[in-house]
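A.B. asks: Got a structure here, written out as structure tokens. Questions coming.
In UniProt numbering, the protein residues as written are 1 to 952.
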């Protein structure tokens, strides 16, 4: 029977083409998702091996709760430890086997200016200034030309950064630091052991990096970790790392709250955290795989239904000469295995090629990836298994039909009538109703101000599930319910959708509408391909356009300012830029928001941010949506203006008194003076000692020894003159505490997770080093020409390179561009759904034509033209496509509306349905049907009329 199956597979290979394509597409996305994930994992691992290449790290010994909150904190599994004193580096440096023990400081938010005078940037990758050199080595960096910088007006560049900026050793350029641009000279170019995914890496003097890093730190005397090298040229192995870490742990002072771990351990932890953060990519790709394989199973079922129908007499002969049902079943399954192996093999190659193409495209866009993207044996086995399983599932029912059909019936090729679909309609409709009720319950939970019901246990259940679970369960019930109930809707949908064709094309339109009802299950399954794809795209389109409309609504109804100012340098706007903007002629008011780090309320941090703002914030910039109190009066009067989310979390009401505290690091003048005096005394004592030794050597007649001591005195003096003053500055922690009243609670979506105080309170709670301007809003004087004013503002900030000036329309379009990028992914998903749907409809019509060969021959015999036959099949295909598209749009729009309602409090305040896009989807579905009907119609017309009539 295996030989018979292989012979049949070879004979029917032409019919397998569409099935092979469907399987190949599905498997390609499965294998591609695994390859891409492994490539990203390898890339992250290589990057960690380069950016964190120390043999041992000393970090805090106690795990602490991260102060961050929100989505990023929830999605990351990285652990945070207590900070440690930077002075521990000197203690660690004395341990046997330690070649270097340093705190490596880096500065984010820097921008490199290229030779053309424009800021250098790449797709999504950051620009980072790292402080390393002779005293603070970076083992992974190898200079190919020049040397490391030694003064604040020098830099060295990673070779990728030098290439992007078109700079070489000796060139002069600018670097934009957090406090503004500085003129610099390139002193060297270096390579790294691996690509950092397009990051722009700048080497700056360690002392300068420390200065900027400590300005951005709550406590300059603390650090997260200290890096230790046991060998400055080659990494230590695992055992040597552990031995060095053990020796360091023994040398660490009691009470230091520090602990040494191996470099491999830290790299493994960091790699795992980064890989988990990127874990969303694979499920996104697998969505495409699920759609392809879902439709592929139907195409395979239809293909084998055609093969079984055409081969039914042969199977009857086999049964008549003694073949068992199992043997007949095997002949069909063998063909399925051949189909699955061929489709999976092609899919594995396509998946590999797809990832290679993505890597090449990312490289062209400035994000080179060096991680291996080759599929592993397990990836290929998974792809092969998925392809075979889907193929066997699709072929199982036709194979069982061939095996179980009585020989007499099979010999006559009689077809059993389709089973009733009423039961499926009832079950599916019930699932849809339950799903809709679940969505209604989700909306009730989201909008309820307190408990959603008066029933205690139901409120507890709602608190336990939140909105995520019922939202997902409702969607699953509705999608599955539509697929289950689909066959019962075919006849009513055919009558509605076929009404216009039946009246415009009376013969072919009516025939097409009636033909759809012959195989309701098959018609519904074919339409399911477009249903799933269009439902996903429609849902996300509603959410995306609602997000855009919500932002536009905020700008149109709430934003009063004429211009918004922001910075690409970690959000920080340099003080010089602030002053330059204030000096522009034609501005009525300039409002800036400064962030206060580490503010605590009644001893605890809140899930949000604290800002110091000018009194003009609520009068000139944003109109507050007030729940209670007077926001403008509260801000001017030194009271707290609290966002609704924080007020709800903390249980605050207007009039409540809250203890606000911050811990600030300030210069300890007394300790600094003492440190400077001690250092001076130490240097004087060392010079005095060396002078006495030189005099003794001179009296003894040792002129060379005396000269050596004199040189040493000169060296000590030179070192004292060049000492970095910052190393002698001592700081202290100062806790600022004040009791403030809650003056107003506001519900603006942009302010819901914010607390505002006025500038005077902000200056008391924070320090200049840790408070910086993140956003500015400008209001013009009445009658001012806004276009000319915008040009003056842009001219004022041009020297700072990273400052963005946006008018109201540009402010709105910022969100619009983000939404457009999301829509590109959605359109790719829709394109895949369309391609697969075409295959599905072609396959379904081919099977339908095969079953109706005699009928079509009779129609042609009584005078039906070739155009009418093509029209009949075109109308059938278009109705199938429109049926699936309409179901998808209805479910997708409903899902998008529910998601918008659930997240209304988070900023999705306006429901916007993209009717124009939905209209395009509908037109595309008609075109899909017409295109899909071309091949089956040609096949139906290719057979001579007499042969068709005599075919049964």
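Note that the Cβ used here is the ideal one computed from N, Cα and C, for glycine as well.
So the beta strand (DSSP E) residue 143 belongs to, where does it begin and stop?
C.D. replies: Looking at the DSSP string, the run of the beta strand (DSSP E) that includes residue 143 is 141–146.
A.B. asks: Residues in the same chain with beta-carbon distance under 8 Å from residue 430, minus the five sequence neighbours each way, listed in chain order, please.
C.D. replies: 481.
A.B. asks: Kindly indicate which three-state DSSP category residue 676 falls into: helix, strand or coil?
C.D. replies: Three-state DSSP puts residue 676 in a helix.
A.B. asks: Here's the rule: buried if 16 or more other CB atoms are within 10 angstroms of the residue's CB, otherwise exposed. What is residue 423?
C.D. replies: Residue 423 is exposed by the Cβ-count criterion.
A.B. asks: Can at least three beta-carbon pairs, one atom from the region 778–797 and one from the region 527–544, be found at a separation below 8 Å?
C.D. replies: Cβ pair count under 8 Å is below three, so no.
A.B. asks: Bridge partners of residue 113, per DSSP?
C.D. replies: DSSP, once it has assigned bridges, lists 119 as partnering residue 113.
A.B. asks: Can you check which of these residues, 517, 132, 926, 944, is closest to residue 857 by C-alpha distance?
C.D. replies: Ranking the options by Cα distance to residue 857, first place goes to 944.
A.B. asks: Would you check if there are 3 or more beta carbon pairs closer than 8 Å linking the region 100–115 to the region 153–166?
C.D. replies: In short, these stretches touch, since the Cβ pair count reaches three.
A.B. asks: How close, in whole Å, do the beta carbons of residue 841 and residue 932 come, if the pair is a contact with beta carbons under 8 Å?
C.D. replies: The pair is a contact, with the Cβ atoms about 4 Å apart (cut-off 8 Å).
A.B. asks: Of the choices 189, 538, 573, 926, whose alpha-carbon is the least far from that of residue 898?
C.D. replies: It is 538.
A.B. asks: Give a yes or no on contact between the region 578–593 and the region 777–788, applying the rule of three or more CB pairs nearer than 8 Å.
C.D. replies: Cβ pair count under 8 Å is three or more, so yes.
A.B. asks: Any idea what DSSP makes of residue 166, helix, strand or coil?
C.D. replies: In this structure, residue 166 counts as coil in the three-state DSSP scheme.
A.B. asks: Would DSSP call residue 268 helix, strand or coil?
C.D. replies: Note: residue 268 maps to helix in three-state DSSP.
A.B. asks: Straight-line CA distance for residue 427 to residue 483?
C.D. replies: Roughly 11 Å separates the two Cα atoms.
A.B. asks: Sort out for me which residues DSSP pairs residue 742 with in a bridge.
C.D. replies: Beta-bridge pairing links residue 742 to 640.
A.B. asks: Please report how far the alpha carbon of residue 258 lies from the alpha carbon of residue 664, in whole angstroms.
C.D. replies: Straight-line Cα distance between these residues: approximately 23 Å.
A.B. asks: For the putative contact between residue 577 and residue 800, defined by C-beta atoms under 8 Å, what is the C-beta separation to the nearest angstrom?
C.D. replies: 5 Å between Cβ atoms; contact.
A.B. asks: Can you check whether the CB of residue 808 is closer than 9 Å to the CB of residue 507?
C.D. replies: Result no, Cβ atoms of residue 507 and residue 808 do not sit closer than 9 Å.
A.B. asks: Do you know offhand how far residue 100's Cα is from residue 228's?
C.D. replies: Computed Cα separation, rounded: 6 Å.
A.B. asks: I need the DSSP call for residue 351, collapsed to helix, strand or coil.
C.D. replies: In this structure, residue 351 counts as helix in the three-state DSSP scheme.
A.B. asks: Buried or exposed for residue 437, going by 16 or more other Cβ atoms inside 10 Å?
C.D. replies: It is exposed - the Cβ of residue 437 has fewer than 16 other Cβ atoms within 10 Å.
A.B. asks: Would you grab the beta carbon distance between residue 304 and residue 332 for me? Rounded to a whole angstrom, and I think it's under 8 Å.
C.D. replies: About 6 Å; that satisfies the 8 Å criterion.
A.B. asks: Whole-angstrom Cβ separation of residue 761 and residue 638, contact assumed at under 8 Å?
C.D. replies: Right, their Cβ atoms sit about 6 Å apart.
A.B. asks: Could you check where the alpha helix (DSSP H) with residue 59 kicks off and where it finishes?
C.D. replies: Segment 56–60 is the beta strand (DSSP E) holding residue 59; no alpha helix (DSSP H) there.
A.B. asks: Name the DSSP bridge partner or partners of residue 180?
C.D. replies: Answer is 177.
A.B. asks: Under 9 Å between the Cβ atoms of residue 666 and residue 765?
C.D. replies: Contact flag unset, no.
A.B. asks: Just how far apart, CA to CA, sit residue 44 and residue 271?
C.D. replies: Between residue 44 and residue 271, the C-alpha separation is close to 6 Å.
A.B. asks: Can you say whether residue 585 is buried or exposed, counting buried as having 16 or more other CB atoms within 10 angstroms of its CB?
C.D. replies: Flag for residue 585 reads exposed.
A.B. asks: Buried or exposed for residue 137, please, with buried defined as at least 16 other CB atoms from any protein chain shown within 10 angstroms of its CB.
C.D. replies: With 16 or more other Cβ atoms within 10 Å, it is buried.
A.B. asks: According to DSSP, is residue 225 helix, strand or coil?
C.D. replies: Residue 225 falls in the strand class under three-state DSSP.
A.B. asks: Nearest CA to the CA of residue 920: which residue from 889, 896, 938?
C.D. replies: That would be 889, whose Cα lies nearest to the Cα of residue 920.
A.B. asks: Identify every run of the beta strand (DSSP E) within the region 189–220, keeping only runs that are complete inside it and at least 3 residues long; order them along the chain.
C.D. replies: Listed in chain order, the complete beta strand (DSSP E) runs (minimum 3 residues) inside the region 189–220 are 200–204.
A.B. asks: Quick one: measure Cβ to Cβ for residue 687 and residue 734, integer angstroms, because I've assumed they're closer than 8 Å.
C.D. replies: Incorrect: roughly 37 Å between the Cβ atoms, too far for contact.
A.B. asks: Kindly identify the DSSP beta-bridge partner or partners of residue 453.
C.D. replies: DSSP lists no partner for residue 453.
A.B. asks: Please report how far the alpha carbon of residue 606 lies from the alpha carbon of residue 754, in whole angstroms.
C.D. replies: Between residue 606 and residue 754, the C-alpha separation is close to 9 Å.
A.B. asks: If you draw a straight line from the C-alpha of residue 246 to the C-alpha of residue 84, how long is it?
C.D. replies: Roughly 18 Å separates the two Cα atoms.
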